[in-house]
Amino acid sequence: MTAPDAQAEEKRRRFEEVALPFLRAIHTVAWRLTHDAEESRDLVQETYLRAYRTFDAFRAGTNCKAWLLTILYSIFVNRYRKKRRQPLAISIEELEKQFPSRLESAGPSDRLSGRLWSDREVEEALAALPEDFRAAVLLVDIEELSYEEAATALACPVGTVRSRLFRARKALFVALQDYARRAGYREPTGMP
Amino acid sequence: MSDEHVHLDMEIQDLFDGRLDRAERERVEAHLAECAACRARRDALASVRGALQGLPPAPAPEELGREIRRRLEEELLRRRPSRRFPVAALLAAAAVLIIVLMLASRKDLPSAAAGDFGRYRGGTLSLELSTSDPHELEAFFSQRGVGFRTRVFDLSTMGYRLIGGRVHTLAGRRTALFVYRGEGNRTVLCEMFLGQTSALPAGASRHEHGGILFSLYRREDSTQVFWQEGEVTCVLVSDLTPDETLALAYAKAMKAASPSGTIKTPRSVPYADRRIAARLRGPADERDPG
C-alpha cells in the first residue's frame, strides 16, 4: 500500500512546486475580477483544488499560470458572476468614442509617458470596465499571457481577445486622461 | 468612428503586441513614420500598458497559501486507500473485480457509442422524435422518464442543427440520445446517461479544458469524447476529426457548465469551435463578434 501513497505524495509535491508560485498572481486576478476578499479567496482555493484534481492532464513545459487562469476564469464565470449583481459597468462605447479627441488633446507623445495618475486611479478605471473587457487586459497586459492563451482562458476566439483588448485599452486611456486632467494637466500649449 | 486612420487602428495594436509578420510590420512601421496621429495611438496603448504594469499585486492574505496546502493534504488523505482495514480493501477489490467482469461481458462504452453512431448513419437506428427544438426534446426525455435532467443544446451557431432524439440503451444504461446535422451531412450524435467516467476503459487520450476532463477514444471510424456533467456522463460521437469532435464537446460541456446554458454569447464559445463553425458556414462568419 505504500506505492500509491508515495505516488500521490509525489504528485502533490510536484503540483505545489509548479502551481503555488503563481498564488499571488492568481489571487490578484481573482481580486480584480470579484473585488471581494472572501470571494476572491474562495475562488483561488477552488482553482487550486480543481487544478490539483486535473493535474495529470497538465502538460509540463506549458504555461502553468495560463492553465490556472483558465480554470479560475471558468469557475468565476460559472459561479461568481451570475450571483453578483454588479453595478452597471461603464459604457465602453461612450469612452471609446472620446478616444480620438482625448488623443488630440493629450498632445505630443512624450507627454503620455509621465505618471499622471495614481495606482488607485488606475485600479478604479480598470474596475469600471465591463468584466469581459477587464479580463482581457488583466490577462494580456498584466499577466502577459499570449492572445492564444488568453483566448483559451476566456473561452473565446483570438479575434475577440484582440478586439476586446483594443477597446478596453482605448477606454482606459480615456479614463486615465480624465485623471490626468484633474491632476492639473491642461492643454498641450501650456506645457514647456 | 469617423477617424481617418481607423483602418490602421487595430494594426497599430498588432504591431504593438508583436503580432505582425515581417512584411506587415514594415508596412505599419512605414505608416507610423509618416503619421503623427498613428504614433500617438501607439503611444496611447503604451501609456495604458505602462499604467497597468505599474500596479502592485493585490496583497494576498497570509493564510491563503497555508489554507490551500491544507486542503491539498485533505484531498490526498481522502483518496488514500485505507491501511487500517485490509478486509475492507479486500472487499473493495472483490467488488471491483465483479464490476470489471460485468463490464467485460458487455461491450465497452466507446465501442457501444461508436456502434450507435454507425447504426444511425446506416439507417438502422431511428429517432422517436424529430424536432429542431431543444426544449421540446428535453420535455420528451423527461416525459419518457430517462431519470435525470437532460440539457439539449442548440448548436446552430456552430453550424449544427438538432434533428431529434430517442430514449436508448448504451451498454445496459438508459440514455437520452440526440443527433445534430451540419453541412455536407456531417453528423454528431450525443448520448447522456447516469454514470461516472471512471467506468470508462483504459486507453483514452485525456484532455482538460476549463477544469473539465475529456476522454477521447477512436472506435470504428468515429471519435467518441466522454465527460462528466454532475451525475450524468455525456458522450459525443462523430466522424469529424478528433480535434473537431473535441471542440464540439468543449462547447457543449462549457455550455452545460455556464449559468444560462446558451451558446449565443461569443465569450462562452471556445476558439476552436468558432473556427470550425466559421469554416462550416463560410468566410462571412469569421468576422469578430466581440
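Just so you know, the protein sequences line up as chains X and E, in that order. Under numbering that gives the first Met the number 0, the first residue of the first sequence is numbered 0, with each subsequent residue one higher. Under numbering that gives the first Met the number 0, the first residue of the second sequence is numbered 0, with each subsequent residue one higher. We put the beta carbon where it would ideally sit given N, CA and C, even for glycine.
Start-to-end residues for the alpha helix (DSSP H) that takes in residue i
i, result
"E/Arg143", "Here E/Arg143 belongs to no alpha helix (DSSP H), and DSSP marks it neither H nor E."
"X/Gln176", "157-181"
"X/Ser145", "Premise fails: X/Ser145 is in no alpha helix (DSSP H) and is neither H nor E."
"E/Arg118", "108-121"
"X/Gln97", "Looking at the DSSP string, X/Gln97 is not in any alpha helix (DSSP H), and its letter there is neither H nor E."
"E/Phe15", "8-15"
Own chain, CB closer than 8 Å to residue i, minus 5 neighbours either side, in chain order
i, result
"X/Thr159", "Ala150, Leu153"
"E/Leu161", "Thr130, Ser131, Asp132, Pro133, Leu136, Val151, Asp153, Leu154, Ser155, Phe177, Val178, Tyr179"
"E/Ser125", "Arg165"
"E/Ser237", "Phe116, Arg185, Thr186, Val187, Leu188, Ser221, Thr222, Glu243, Thr244, Leu247"
"E/Leu361", "Chain E is shown from 0 up to 289; residue 361 of chain E falls before or after that span and cannot be answered."
"X/Phe21", "Cys63, Lys64, Leu67"
"X/Arg161", "Tyr146"
"E/Leu212", "Thr196, Arg205, His206, Trp226, Gln227"
"E/Ile11", "Val27, Leu31, Cys37, Arg40, Arg41, Leu44"
Test: residue i CB closer than 8 Å to a CB of chain X
i, result
"E/Arg148", "no"
"E/Pro241", "no"
"E/Pro200", "no"
"E/Gly121", "no"
"E/Pro60", "yes"
"E/Ser214", "no"
"E/Met157", "no"
"E/Ala113", "no"
"E/Gly229", "no"
"E/Lys263", "Because E/Lys263 sits at a pLDDT of 37, beneath the cut-off of 50, its placement in the model cannot be relied upon, and the following sentence gives the value as read from the coordinates. No - not a single Cβ of chain X is within 8 Å of the one on E/Lys263."
"E/Glu25", "no"
"E/Leu44", "yes"
"E/Glu292", "In the structure as shown, chain E starts at 0 and stops at 289, and residue 292 of chain E therefore has no counterpart that could be examined."
"E/Gly144", "no"
"E/Arg266", "Any answer about E/Arg266 is weak, because its pLDDT of 39 lies below 50 and its placement is not dependable; what the coordinates show is given next. Output row for E/Arg266: interface = yes."
"E/Val47", "yes"
"E/Glu207", "yes"
Neighbourhood of residue i by C-beta, 7 Å cutoff - its chain only, sequence neighbours within 5 removed
i, result
"E/Ala203", "Ser214, Leu215, Tyr216"
"X/Leu164", "Ala135, Val136, Val139"
"E/Arg118", "Leu124"
"X/Asp131", "Arg163"
Cβ-Cβ separation, residue j to residue i (assumed contact under 8 Å), whole Å
i, j, result
"E/Ala255", "E/Glu219", "With 8 Å as the limit, E/Ala255 and E/Glu219 do not qualify as a contact, their Cβ atoms being about 26 Å apart."
"X/Ala56", "X/Glu148", "X/Ala56 to X/Glu148, Cβ: 16 Å. No contact."
"E/Leu63", "X/Tyr51", "That pair is no contact at about 15 Å."
"E/Val234", "E/Phe225", "5 Å"
"E/Leu54", "X/Asp118", "6 Å"
"E/Leu31", "E/Arg41", "6 Å"
"X/Ile91", "X/Pro129", "6 Å"
"X/Arg133", "X/Arg31", "7 Å"
"E/Ala170", "E/Met191", "Actually they do not touch by this definition, with Cβ atoms about 14 Å apart."
"E/Gly181", "E/Gly158", "5 Å"
"X/Ile25", "X/Leu71", "6 Å"
Chain E contact for residue i (CB, 8 Å cutoff)
i, result
"X/Arg133", "no"
"X/Val43", "yes"
"X/Val17", "no"
"X/Leu48", "yes"
"X/Leu171", "yes"
"X/Ser90", "no"
"X/Gly60", "no"
"X/Arg13", "no"
"X/Asp35", "no"
"X/Asp140", "yes"
"X/Arg197", "It is not possible to answer for residue 197 of chain X, since the shown part of chain X is limited to 0 through 191."
Cβ shell of residue i (< 6 Å), same chain only, five flanking positions each side left out
i, result
"X/Tyr178", "Trp116, Glu120"
"X/Leu171", "Ala124"
"E/Lys251", "Phe152"
"E/Asp107", "Pro200"
"X/Lys169", "Glu95, Phe98"
Run of the beta strand (DSSP E) containing residue i, from where it starts to where it stops
i, result
"E/Met191", "186-193"
"E/Ile162", "160-169"
"E/Val27", "Segment 21-33 is the alpha helix (DSSP H) holding E/Val27; no beta strand (DSSP E) there."
"E/Tyr216", "211-218"
"E/Ser204", "204-208"
"E/Ser237", "231-237"
"E/Glu228", "221-228"
"E/Val178", "172-180"
Distance cut-off 7 Å: residue i Cβ against heavy atoms of the ligand MG
i, result
"X/Glu95", "You won't find the ligand MG in this model; it holds no ligand whatsoever."
Tell me the start and end of each unbroken alpha helix (DSSP H) in the segment 53-82 of chain E that is at least 4 residues and wholly inside, in chain order. 62-78
What runs of the alpha helix (DSSP H), each 4 residues or longer, lie entirely inside the segment 24-71 of chain X? 36-52
Beta strand (DSSP E) runs contained entirely in the segment 110-135 of chain X, provided each spans 3 or more residues: The qualifying runs do not exist here; there are none.
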